[in-house]
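In full-length UniProt numbering, the protein residues as written are 1 to 386.
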C-alpha cells in the first residue's frame, strides 16, 4: 500500500479495520494521500488514526539525518536497525522527508515525538521554529523581544497532558555577570502562541547549549560559579514548570568530554578521555568509555560503568571521525560521522556483547555529500498536523 491514493476504498470495510490497515503505511504516503479526496483527508486527520499511527511509530523508530545547505534545512530518515547480528555490515536506505527554506539555523534540539525545534538567526532576535519532517509543516514562534545579551532555548514534552513546550533562558545585556536568571516558557497549542515568564530560585551560568528531555523532564548542564566548569544539572519539569537541580558526580566532566543521553529511561552521560565540541571524536586509542547513570534524582546518586573499547573498534570504524549520537532503547551506543562522506556509515556498538555493526546509509542527496550532518536516533514519525 505504498500509494494510498491510487487504491479504491471499499466502504464496506469496517472503520476500525480500515484505520488499522492505513496506519501501517509510511508517513510519506499518508501525507501525500491526504490530497486525494475529502474522505481520505478526513480519515487520515482523525484523532483515532493519528494516535494509532503514533503508537505504531514507537515500535519502529528511525534514524533522522538533518543537513543545513543554502539557507535551507533538509531532512532524511531511514529505518533504525533492530536485532543487529554480531560483527556485520548492513545497508539502510534513507527517504527524503522534506526541506524548509530560509531556516538559517544555528541551533537544533533533539527531536521529540516527531517534532524538532530549531532557530533562525534574525536581524536582531533569534527566532525559534518548530518543524515536523514527516508532514512538512513548520511553525515560527513569536519573537521574545528582550534586552538580553544571550538566549538559549530547550524543547520539552509533557507525556501526561501531551503538550510540547519551549523553554527560553536568558542573561542580561549589561554588566559582566553572564548569569542566566530570566526564564520564559511557551506552550505549543492551538490559538495564539505567547511566552510566559516563570521563576527559578537559582541563577546559573550556561557554558554549553545542549539538553535532553526524558519522561517529561528537561535536563541541561550548568555552573554555579563563573570560574568553574559544569557543576550541576538543571532539571525543568515540563508539566509543573518547576526547577530543581542535581549535583554532578565527582569524576564526571560535563562539556567537551561527554554528552547527556537517555539510557533506558534514565538521565545518563557518556564520557571519554578527550573531545572536540560537546561530543567526542572517537579513535581506538582512548581505551574505555564511562557511562554515568542518575539512579536517584532527590538524593543525587549516580552509578558508573566502565566499558573497555574492543580490539575490533579501530578496524570497523577506521579513520572516520565520529561522535556519540545517543543510546538506543536496547542499549546500543550509536556513533555518527560529523559529515556525510561517501560511503556514509553509522555505527552501533553493543557494550554488553562487545560487538560493532556498521550500517551504510544510502539515498542521501548527492549535493548534501561532505556536508555537516546531525544524526538523531529513536526518531518517531508523527502525521498529526500542528
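Glycine included, every Cβ here is placed at the ideal spot set by N, Cα and C. All figures in this text were calculated on a predicted structure; none of them were measured in a lab.
As DSSP reads the structure, residue 64 sits in a beta bridge with 77, 376. Counting of Cβ neighbours within 10 angstroms places residue 192 among the exposed residues, the total staying below 16. Scanning its chain for C-beta atoms nearer than 7 Å, with the 5 sequence neighbours on each side dropped, one finds around residue 222 the residues 204, 205, 206, 230, 232, 234, in chain order. According to DSSP, residue pairing for residue 170 in a beta bridge involves 151, 182.
Nearest C-alpha to residue 92 among 385, 358, 372: 358. Residue pairing by DSSP puts residue 358 in a beta bridge opposite 89, 347. For residue 158, the three-state secondary structure derived from DSSP is strand. Residue ranges of uninterrupted beta strand (DSSP E) with 3 or more members, entirely inside the segment 215–271 and ordered along the chain, are 217–222, 232–237, 242–247, 258–263, 266–271.
When C-alpha distances from residue 16 are compared across 254, 29, 53, 37, the shortest belongs to 53.
Residue 238 is classed as buried because its beta carbon has at least 16 other beta carbons within 10 Å across all chains shown.
Nearest neighbour of residue 127 by Cα position, chosen from 364, 313, 142, turns out to be 142. The beta-bridge partner set that DSSP reports for residue 291 consists of 270, 305. Of the residues assessed, residue 378 falls on the buried side of the cut-off, its CB having 16 or more other CB atoms within 10 angstroms.
Relative to residue 152, the option among 139, 251, 132, 180 whose CA is nearest is 180. Closest by C-alpha distance to residue 196, out of 162, 159, 146, 150, is 146.
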